[in-house]
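Presented below is the structure to which this report refers.
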Amino acid sequence: MDNQINEVTIVGGGTAGWLTAAFLVRFMNLCDEENPTKITLIESPNVPTVGVGEATVPTMAALLKSLGISEKEFFIRCNASFKMGVRFTNWSHDEKGQSTSFIHPFEAIRTQLGGQNPAYHFHKYGGPPGREGIDDCMSFSGTAIKKKLGPKFLSHGDYETQLNYAYHLDAGKFAEFLRDISIERGVNHVLDDVEEVEQDERGYISALKLQRQGRRPVDLVIDCTGFKGVIINQVMKVPFHDYSKYLLNNRAMAVQIPHKDVSQIEPCTNSTALGAGWVWRVPLYNRIGTGYVFSSHFRTDDEAREEFLQHLGEDGKDAEPRIIPVRIGRMERAWEKNCIAIGLSAGFIEPLESTAIYMIENFVKLLLINFPDKSFAPILAQRFNEKTEKMMQSIRDFIILHYCMNNREDSEYWRVAREEMVIPDSVKDMLDEYRHALPVNTDFDGTYLFNYFNYNVILFAKGYLKDIRYPAERFIARKDWEQRMAEFIRYEQNQLNGLPNHYELLRKIRGEDEVVAPQGGVSFGGFNGPMFGAQAGGIQVPQPTVQIGGGQIKPSIKFALKKDSDQTKEPEKEDLSGSNIL
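See the structure below:
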């Protein structure tokens, strides 16, 4: 008897379903073309698509390249733009109660200075004039963002780069792009509604009953049905681990607005805090995706809508934001028996740092590493669940940091976020460590997406470290820091020299403008140490959690009413949980 799994069935489309399909068809059949594993994706033809915008993290470029996807075609099909960081505005206030801002960049100089973390030098001596934040002293992404530069030269081809970058993309179009690629590569696409899920005596899923095509036996099922978790939650009865005691937000609203001047498109995501949450602003090539993530404990939908539209001003004229219920947390187990949840069905943590596609990517990679046969050895599910839980907890902790370290006194929401929400022990331990030392990552640390530099940026921006005297600061010298800053500024100027305007670069990539491509400047010899996420070949990306070779994440399947079901019962409220948020 063949004990191998010969078909993987994905239930649900959107970014989660189609990225999973694209990844599996790409890597499962590379070495077994004679007996390929069949990949089938079932999605409902009746679920509407609400396309807004989505931001990503720097692993995205390596992901697309590994899938054999043309970066140029991706930009054209998905109206993509570049992202080199996130600008946070009004998340904290200065001594006068005025809004402050900082950039969380994708590029960082991490070489030590005098045998110590250069963050000590910044902490003790501060930055030179005009560089008050650590992001301006250890990263030149902020300067590139302020100058609205692109991250690569006009002469660069696909995935070549000068600076580290991610993307903004149209999530709906990205899902369609992945769908077309997947089908072309052999994924079996079934448009149908799931009426019933059959289970055997062990509780394993044995078959799916489709409304039009009838009963379909299955071996391994991947649940990409969105917030509802139609299979993992409703059928497999895996409990949901709610994060609402850590994070307040549970609602969102989203709209599309036009560019005032697309030639001024910024290569960054903007996150602006309001009275009961925050607004994202994702600049695509053809428009802007924006929305308000808020807490229903502090704003009704109408109140939040009024606040959001007031924030948008003239840009929001005639806008009609749609409300999106948001469930923050994760499934206790993303892998249960022969069902694996990926995407929103596995969990979702605040769209603040654009981690949704990153988590999809790494869930699929972990599945490939731990791919089972029909015996479904428990140790494989155990390892998968342990790794994904730690991944989601690490992202949760970093998101919590943005809230619990705020100093705003003008809003009850922000006071509660700071003083009354539960802070996990893992965050408490990290904050305690920072009271005594400014740590750096070493080969002994098992980090996921965010490392100590990312924590440094947030904690310095929040003022958490300002009154601390570190023992290690006895060992540093001002002259070393002044020399480092002088070298850094020269290096930054060299790195940015010749980089085109972001809009100009996008037009060149899309083939909409014939521009003479200048060459980059002479390379600077300083900073021989490793860059943040530097890789050979010019692409600089943070290392993904799992290495092999983070859009619209919408529920794309629904349970159809049976013909003999009770049609008189009250219909469910409209579910917009599949709408695209950051």
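Per our numbering, the very first residue in the sequence shown carries number 469; after that it's consecutive.
The beta carbon of each residue, even a glycine, is placed where N, CA and C say it ideally should be.
For clarity, every value in this text was computed on a predicted model and none was experimentally measured.
With K976 and L752 assumed to form a contact (beta carbons below 8 Å), what rounded beta-carbon distance in angstroms separates them?
-> Contact doesn't hold; Cβ gap of about 17 Å is too wide.
By DSSP, does E800 sit in helix, in strand, or in coil?
-> coil
From L581 to Y902, what distance separates their C-alpha atoms?
-> 19 Å
Span of the beta strand (DSSP E) around D710 | F708 to D710
Buried or exposed by the 16-neighbour rule on C-beta atoms within 10 Å, applied to N471 = exposed
Quick one: what's Y760 bridged to in DSSP?
-> M721 and V747
Just to confirm, are V832 and T505 a CB contact at a threshold of 8 Å?
-> no
Are the beta-carbon atoms belonging to H591 and L933 less than 8 Å from one another?
-> yes
Per DSSP, what kind of secondary structure is P814 in: helix, strand or coil?
-> First, the amino acid is wrong: residue 814 is Ala here, not Pro. A814 falls in the coil class under three-state DSSP.
Can the beta-carbon of G797 be found closer than 8 Å to that of Y881?
-> no
Contact check, V665 vs V703 under 8 Å by CB: the rounded distance?
-> 5 Å
Report the three-state DSSP secondary structure of D691 (helix, strand or coil).
-> strand
Taking the continuous alpha helix (DSSP H) assigned at I977, which residues delimit it?
-> H970 to R978
How about the segment 776-792 and the segment 672-690: do they share at least three Cβ pairs that are nearer than 8 Å?
-> no
Tell whether a beta-carbon distance below 8 Å holds between Y938 and Y588.
-> yes
So which of L716, I699 and M606 has the shortest CA-CA distance to E887?
-> L716
Residue ranges of each beta strand (DSSP E) within the segment 636-682, 3 or longer = 656-659, 662-667 and 673-678
Same chain, Cβ closer than 8 Å to I473, neighbours up to 5 away in sequence not counted = T505, D687, L688, F839, P840, D841 and K842
Have a look at D660 and T477 and give me their C-alpha separation to the nearest angstrom.
-> 13 Å
Hey, out of N806, R958, C736 and H572, whose CA is closest to L848's CA?
-> N806
Do T737 and V554 have their C-beta atoms closer together than 8 Å?
-> yes
The segment 851-868 contacting the segment 692-707, beta-carbon criterion three pairs below 8 Å | no
Proximity test, Cβ basis, 8 Å: S674 and chain B | Annotation note: the requested chain B is absent from the structure, which comprises a single protein chain.
Note the first and the last residue of the continuous beta strand (DSSP E) segment covering R555.
-> G553 to H561
For the alpha helix (DSSP H) that L532 lies in, which residues bound it at each end?
-> T527 to S534
Since S569 sits in a beta bridge, which residues does DSSP pair it with?
-> T557
Are the Cβ atoms of F866 and N922 separated by less than 8 Å?
-> yes
What separation, rounded to the nearest whole angstrom, lies between the Cα atoms of S991 and N962?
-> Unreliable placement is indicated for S991, whose pLDDT of 31 sits below 50; no coordinate value is reported for it.
When you compare only the Cα positions, how much space is there between E788 and G745?
-> 19 Å
Taking one C-beta from the segment 554-569 and one from the segment 640-653 each time, how about it: are there three or more such pairs within less than 8 Å?
-> no
Assess, as a yes-or-no matter, whether the segment 561-581 is touched by the segment 765-778 under the definition of 3 or more beta carbon pairs within less than 8 Å.
-> no
Are S894 and G743 close, meaning C-beta to C-beta below 8 Å?
-> no
Return helix, strand or coil for V515, following the three-state DSSP convention.
-> coil
R864 - containing alpha helix (DSSP H), residue span = P846 to C872
Do I891 and I808 have their C-beta atoms closer together than 8 Å?
-> no
Could you tell me the distance, in whole angstroms, from the CA atom of A530 to the CA atom of L777?
-> 37 Å
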